[in-house]
Each structure stands twice: as C-alpha cells, then as structure tokens.
Amino acid sequence: MDCTNCKAECCKHVAIEIDKPENISDFENIKWYVSHKNIKVWVNDEDEWHVEFMTPCEHLGEDYRCKIYDRRPEICKDYGMDDFCVNDDEDSEEKIIFNTIEDVENHIKNDF
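Mapping of the sequence shown onto our numbering: residues -1 to 110, in sequence order.
Structure (structure tokens):
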C-alpha cells in the first residue's frame, strides 16, 4: 500500500463491528443507527456487520497528516499495510450498505 498521495480516508470515519441481526426486531437498532446523520451500517463479504460514523479525527491536519503522530492512539499505530484501504483499486469491502430506514426495510422484505 502506497500512502504517499493519501488523503487520509481511513482517518475520516470510525467503523465498529456489531452483532448480526438474528430476527426482525434486531433490525430496529439498525434503523435507529441510520436515522442519524453521517452514519451507515454495512456488511462485508465475511458477513461481519459494522456501524460506521463518518466523522474525521480531530487530529487530522489540512495536509492530511496526523497532528499528534508521535503520541497517536495504539489503534492508529496498528493500522497498517495489511488493512483494507478505501483508496485501493480493489472492490469495496462493503457488500451490503444501509444508509436509510428504507434500505433496512427493503433488505428485510427482500433478503431476510
């Protein structure tokens, strides 16, 4: 992975793995998540579910570099060459994406 011309896309969101919905009532949480601005839920090709908050790190500089690089959190240090990069030419890691309540309801109706 070449980060030379990177625009720090990995520093502009937080994605956290969540439990896979097991029944229709479990989707109420998904609806609640996507009812908020700048939040989406997605599923990767390994059937892992994530809630993603599209909000940049407060330490990201205008030059796309970390302003606290020497004391950045451990998770930032651990993020490396083997991790998924949104700038890669490969397919997106997101196989199912929910941006709205309608997306969730359509998934329930058509795929659940």
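We treat Cβ as the ideally placed atom computed from N, Cα and C, and that holds for glycine.
Fill in: Assumed close pair F51, I66 - CB separation to whole angstroms, cut-off 8 Å
By one-based count along the sequence shown, residue 51 stands at place 53. By one-based count along the sequence shown, residue 66 stands at place 68. Beta-carbon to beta-carbon, F51 and I66 are separated by about 20 Å, too far to satisfy the 8 Å threshold.
*asked:* Just to confirm before moving on: does the CB-CB distance between F96 and V39 stay below 9 Å?
replied: Indexing the sequence shown from 1 puts residue 96 at position 98. Indexing the sequence shown from 1 puts residue 39 at position 41. Their beta carbons are under 9 Å apart, which means F96 touches V39 by this criterion.
(request) Could you tell me which residues DSSP puts in a beta bridge with I16? (result) For the purposes of this step, residue 16 is taken as residue 18 along the sequence shown, with counting starting at 1. The partner list for I16 (beta bridge, DSSP) reads W47.
Query raised in the report: From what residue to what residue does the alpha helix (DSSP H) around F25 run?
Result: Residue numbering aside, residue 25 sits at position 27 when the sequence shown is read from its first letter. Its alpha helix (DSSP H) spans residues F25 to V32.
| request: From the DSSP output, in three-state form, read off C64 for me. | output: For the purposes of this step, residue 64 is identified with residue 66 of the sequence shown, where counting begins at 1. C64 sits in a strand when the DSSP states are folded into three classes.
**Prompt:** Would you report the Cα separation of I14 and C4, rounded to the nearest angstrom?
**Reply:** In the sequence shown, the residue the question calls residue 14 occupies position 16. In the sequence shown, the residue the question calls residue 4 occupies position 6. The alpha-carbon atoms of I14 and C4 are separated by roughly 23 Å.
Note the first and the last residue of the continuous beta strand (DSSP E) segment covering I99. Stepping through the sequence shown from its first residue, residue 99 is reached at position 101. From DSSP, I99 is part of no beta strand (DSSP E) but of the alpha helix (DSSP H) over I99 to D109.
- C-alpha gap between R69 and D76, whole angstroms: Locating residue 69 in the sequence shown gives position 71, where the first residue counts as 1. Locating residue 76 in the sequence shown gives position 78, where the first residue counts as 1. Cα to Cα, the separation comes out at about 13 Å.
ask   = Opposite K38 in the DSSP bridges: which residues?
value = Working through the sequence shown from its first residue, we reach residue 38 at position 40. Answer is E50, bridged to K38.
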